[in-house]
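Just below is one structure, and these are the notes that go with it.
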Amino acid sequence: MIANLINNLKEIYAVSPDAAEAYEKAKDRLVDYVNKELETNPKVPDLIGGNPFSIMWNNHINHATFLTTVFKIGSYELLARTIPWVYRAYHARGFSYDYFPAALAAWKSGVDKCLHSAYAAEIIGIYDWMINNHENMIQLSKSGEGLTFSPQSEPTEMQEVFLSLLLHGDSKGCLQLVNSSIQTIDDLKKFYLNVVCPAMYRIGLLWERNDISVAEEHVASAIVGRVTAALYPQFADIDVYRGKVIVTAGPNEFHEVGSRMLADFLEMEGWDTTYLGANTPKEELIAILKQHNPFMVAISVATVFNLKHARQTIEMIRADPKTKNIKIMVGGIAFNSMPLLWLDIGADGYAEDADKGARAANIWWEEKTAHGHS
4 MIANLINNLK EIYAVSPDAA EAYEKAKDRL VDYVNKELET NPKVPDLIGG
54 NPFSIMWNNH INHATFLTTV FKIGSYELLA RTIPWVYRAY HARGFSYDYF
104 PAALAAWKSG VDKCLHSAYA AEIIGIYDWM INNHENMIQL SKSGEGLTFS
154 PQSEPTEMQE VFLSLLLHGD SKGCLQLVNS SIQTIDDLKK FYLNVVCPAM
204 YRIGLLWERN DISVAEEHVA SAIVGRVTAA LYPQFADIDV YRGKVIVTAG
254 PNEFHEVGSR MLADFLEMEG WDTTYLGANT PKEELIAILK QHNPFMVAIS
304 VATVFNLKHA RQTIEMIRAD PKTKNIKIMV GGIAFNSMPL LWLDIGADGY
354 AEDADKGARA ANIWWEEKTA HGHS
């Protein structure tokens, strides 16, 4: 079904750059309009399952930011794949499916009132598509087809043990498992790829289904941070024989496990690696890039609502004469269901996981040195 939806959406004319710009400029006014429309709707408390309005308000901010990204990069496949996930995540938290057409009708009305009529007509065509495909979105949210969190293989015994320890908040148990299982660099790489990654994907799926809380997800992420820090001495003394690389999670992105693993893989491959962690502001990243002049910067984005910030960051890197030639790699869950999305946001490449990211960086470096620019 998802493929049919995407093909159907492609038949709708793309929103023009001027209309996309108008939507972005009106974004805050649109959010205020939709908030007021729904706050005064007597059905809304039931539609949002008794949740506080603040959760609904947050959804509206994310909606406007995400639609701006969709319109700017023209990726309507991203739209078709993300809506069912939103339905699923919010329905798991008590929102009625009937909330979505009510909210979309308010957005449509807001666009009509806040944008010039020519631009509004373009945008409203997309909202009409979303409203008309409401039942399809419900089906996709239930089936999980095309959704981001989809472990690629059956869980192993070690993965199940690690996941159980994470869910119980047992950091000591996780460290004991690591110490008894990892003897070599190859063991460490396999542990990252075959245990940590799929376990954290499943943690994300449990959060999406509202089976665990945000706090429990944070505990799991914090334990993984402890584990990766404990493993660092195993490769900290590897000789540097490749260039400088900066690794970071994108602006407003607080999921950093993937970027941390990529930084470790790159260091194990002989790169001079600087890891910046989560939520690095665009301006601060540019300053670091100017200071270090790296061969490559890697930016991780887990949440589709943060793609806009990643795109703006890449535009800033390209626009500055001192940073424009730095290779840019992107990765993270936000890209995994759409492997060509990196092209739309202006990167030089995309990596599905830390191992593929390190391999791609190595190839770029070999190409550079082969041309005598080292």
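Using this note's numbering, the first residue of the sequence shown is number 4, and each one after it goes up by one. Backbone N, C-alpha and C define an ideal beta-carbon position, used for all residues, glycine too.
For residue j and residue i, believed in contact at Cβ under 8 Å, the rounded distance
i: Asn-197; j: Glu-272; result: In fact, because the Cβ distance is near 18 Å, the residues do not count as touching under 8 Å.
i: Phe-165; j: Leu-143; result: With 8 Å as the limit, Phe-165 and Leu-143 do not qualify as a contact, their Cβ atoms being about 30 Å apart.
i: Val-304; j: Gly-335; result: 4 Å
i: Gly-352; j: Phe-298; result: Between Phe-298 and Gly-352 the Cβ distance is about 13 Å, and since that is not below 8 Å, they are no contact.
i: Val-37; j: Trp-132; result: Rounded, the Cβ-Cβ distance is 18 Å, inconsistent with contact.
i: Val-260; j: Met-332; result: Incorrect: roughly 17 Å between the Cβ atoms, too far for contact.
i: Leu-310; j: Ile-348; result: 6 Å
i: Tyr-130; j: Leu-50; result: Between Leu-50 and Tyr-130 the Cβ distance is about 18 Å, and since that is not below 8 Å, they are no contact.
i: Lys-192; j: Asp-358; result: 7 Å
i: Ala-67; j: Leu-33; result: 6 Å
i: Tyr-93; j: Met-140; result: That pair is no contact at about 11 Å.
i: Thr-85; j: Lys-30; result: In fact, because the Cβ distance is near 17 Å, the residues do not count as touching under 8 Å.
i: Leu-41; j: Ala-106; result: 6 Å
Rounded straight-line distance, which links the Cα of residue j to that of residue i
i: Ser-167; j: Glu-157; result: 16 Å
i: Val-73; j: Ser-184; result: 44 Å
i: Lys-293; j: Lys-325; result: 6 Å
i: Met-161; j: Thr-231; result: 17 Å
i: Leu-344; j: Ser-78; result: 8 Å
i: Ala-124; j: Gly-113; result: 12 Å
i: Ile-9; j: Ala-83; result: 6 Å
i: Glu-318; j: Thr-277; result: 21 Å
i: Ile-291; j: His-312; result: 17 Å
i: Thr-306; j: Trp-210; result: 13 Å
i: Pro-154; j: Asn-339; result: Only weak support exists for where Pro-154 lies, its pLDDT of 49 falling under 50; the value from the coordinates is given anyway. If I take the Cα positions, the gap works out to 11 Å.
i: Gly-228; j: Leu-265; result: 13 Å
i: Arg-314; j: Gly-253; result: 10 Å
i: Val-199; j: Leu-169; result: 10 Å
i: Leu-12; j: Trp-88; result: 17 Å
i: Ala-350; j: Lys-330; result: 8 Å
i: Ser-377; j: Ile-64; result: With a pLDDT of 46 at Ser-377, under the threshold of 50, the predicted position of this residue should be treated as unreliable, though the coordinate-derived value follows. Going from the Cα of Ser-377 to the Cα of Ile-64 covers about 45 Å.
Residue i: first and last residue of the uninterrupted alpha helix (DSSP H) it sits in
i: Val-248; result: First-last for Val-248: 247-252, but that is the beta strand (DSSP E), not the alpha helix (DSSP H).
i: Met-319; result: 310-322
i: Thr-72; result: 56-76
i: Tyr-79; result: 79-95
i: Val-380; result: No information on residue 380 is available, as it lies outside the stretch 4 to 377 that the chain covers here.
i: Ala-290; result: 285-295
Three-state class that DSSP yields for residue i in the structure shown
i: Phe-152; result: Because Phe-152 carries a pLDDT of 48, less than 50, the predicted location of this residue cannot be relied on, and the following value inherits that uncertainty. In the structure shown, Phe-152 sits in coil (DSSP, three-state: anything other than H, G, I, E or B).
i: Glu-163; result: helix
i: Gly-53; result: coil
i: Ser-377; result: With a pLDDT of only 46 at Ser-377, under the threshold of 50, the placement of this residue in the model should not be trusted, and no figure is reported.
i: Gly-172; result: coil
i: Ala-239; result: coil
i: Asn-182; result: helix
i: Gly-349; result: coil
i: His-258; result: coil
i: Tyr-26; result: helix
i: Glu-270; result: helix
i: Phe-98; result: coil
i: Leu-343; result: coil
i: Met-4; result: coil
i: Asn-10; result: helix
i: Val-307; result: helix
i: Pro-48; result: helix
Range covered by the beta strand (DSSP E) that runs through residue i
i: Ala-301; result: 299-303
i: Met-332; result: 330-334
i: Asp-275; result: 275-278
i: Ala-373; result: Segment 357-373 is the alpha helix (DSSP H) holding Ala-373; no beta strand (DSSP E) there.
i: Gly-352; result: 352-354
beta-carbon residue i near the ligand SAM non-hydrogen atom, thresh 7 Å
i: Ile-317; result: The ligand SAM is not part of the structure shown, which contains no ligands of any sort.
Where in the segment 100-154 do unbroken runs of the alpha helix (DSSP H), each at least 4 residues long, occur, reported from the N-terminal end onward? 102-117, 120-135 and 137-146
At 4 residues or longer, what runs of the alpha helix (DSSP H) sit wholly inside the segment 176-236? 188-194, 200-211 and 217-234
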